[in-house]
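Enquirer: Dumping the structure here so I can ask a few things about it.
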Amino acid sequence: MSKSAISNSCRPYRAGAIIWQLAQTLWVGGLVLLHLAMLTVLEQTGLAPLLIDEVASLSGTLLVAFAGFCAVLQMVVLIQTERLSSLWLDVRGQLLLIATLASASYYVLYQWLPDAVRWQLLSYLMLALSGLLLVIQPVPGGSGGGGGGGLLARP
Numbered sequence: 021m022s023k024s025a026i027s028n029s030c031r032p033y034r035a036g037a038i039i040w041q042l043a044q045t046l047w048v049g050g051l052v053l054l055h056l057a058m059l060t061v062l063e064q065t066g067l068a069p070l071l072i073d074e075v076a077s078l079s080g081t082l083l084v085a086f087a088g089f090c091a092v093l094q095m096v097v098l099i100q101t102e103r104l105s106s107l108w109l110d111v112r113g114q115l116l117l118i119a120t121l122a123s124a125s126y127y128v129l130y131q132w133l134p135d136a137v138r139w140q141l142l143s144y145l146m147l148a149l150s151g152l153l154l155v156i157q158p159v160p161g162g163s164g165g166g167g168g169g170g171l172l173a174r175p
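Numbering-wise (the working numbering), the sequence shown opens with residue 21 and increments by one.
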C-alpha cells in the first residue's frame, strides 16, 4: 500500500472532535446513568426513601454543574470548528444553548426556590433530552468529508 492509502484509510480525529465526543459522553451518559440506573438500583436495594432522595439531590446538583461545564466546553469547540453564528443557526448550537439554559435554570431554582422540586426536575429532563438529541448529531470537525460522526451520519 502506498503512504497516501494508509493515511486516508485511518485519518485521526482532530482534537476538537475528540474533546466534543468525550465531553458529550461524560455529561449525557452521566445524566442518563444517574436517573435510569443508579437511582433505580438504590430503590431496589431497599434503602430508606429519604436517603435515596438525599443521594439524588446531591449527585443531581453536582452532575448538572458538570453537564453545564461540558456543554460550554462543547460550545467552544463548535465555535472554533464552525463559526460563532453556528450557535443559533446550527441544531448542535441550539441544543447546547438549551442545555446551558436548562442547567442555569436548575441552579436558579435550586438556590432561590428549593421547594420547587418539580421545576428542578423539568430543568433536569430538558438538559437530559437536549443531550440525548445532541448525541445523534454529527461531530463538528470529525474525520470524513461531511464533518459527521454521529449516529445518523452516513459512512
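Glycine is no exception: its CB is placed at the ideal position from the N, C-alpha and C atoms.
Report, in whole angstroms, the separation of the C-beta atoms of Q100 and L116, which I expect to be a contact under 8 angstroms.
Expert: To locate residue 100, count along the sequence shown from 1; it is residue 80. To locate residue 116, count along the sequence shown from 1; it is residue 96. That pair is no contact at about 13 angstroms.
Enquirer: Given this structure, state the Cα-to-Cα distance separating I72 from T65, to the nearest angstrom.
Expert: Position 52 of the sequence shown, counted from the start, is the residue given in the question as residue 72. Position 45 of the sequence shown, counted from the start, is the residue given in the question as residue 65. One C-alpha to the other measures close to 10 angstroms.
Enquirer: Tell me which same chain residues have a C-beta within less than 7 angstroms of the C-beta of L62, skipping the five on either side of it?
Expert: On the sequence shown, residue 62 is found 42 positions in, with the first residue counted as 1. These residues qualify, in order along the chain: I72, V75.
Enquirer: Counting C-beta neighbours from all protein chains within 10 Å, is the total for W40 16 or more, i.e. buried, or is it exposed?
Expert: The residue labelled residue 40 in the question sits at position 20 within the sequence shown. With 16 or more other Cβ atoms within 10 Å, it is buried.
Enquirer: Going by the beta-carbon positions, is the gap between T45 and G88 smaller than 8 angstroms?
Expert: For the purposes of this step, residue 45 is taken as the residue at position 25 of the sequence shown. For the purposes of this step, residue 88 is taken as the residue at position 68 of the sequence shown. No, the Cβ-Cβ distance between T45 and G88 is not below 8 angstroms.
Enquirer: Helix, strand or coil for I156? Go by DSSP, reduced to three states.
Expert: Your numbering for residue 156 matches position 136 in the sequence shown. Coil.
Enquirer: Who are the Cβ neighbours of S125 in its own chain at under 6 angstroms, not counting the five residues just before and after it?
Expert: As a first step, residue 125 is located in the sequence shown; it is residue number 105 there, counting from the start. For S125, where only same-chain residues beyond five positions count, the Cβ hits under 6 angstroms are S143.
Enquirer: Compare the beta carbon distance of A37 and G161 with 8 angstroms and say whether it is the shorter of the two.
Expert: Start at 1 with the first residue of the sequence shown, and residue 37 comes out as number 17. Start at 1 with the first residue of the sequence shown, and residue 161 comes out as number 141. It is a contact, given that the beta carbons lie within the stated cut-off.
Enquirer: Express the C-alpha separation of A68 and V111 in angstroms, rounding to a whole number.
Expert: One-based indexing of the sequence shown puts residue 111 at position 91. One-based indexing of the sequence shown puts residue 68 at position 48. Whole-angstrom Cα-Cα distance: 42 angstroms.
Enquirer: Span of the alpha helix (DSSP H) holding A35?
Expert: Here residue 35 refers to the residue found at position 15 of the sequence shown. That run of the alpha helix (DSSP H) goes 35-53.
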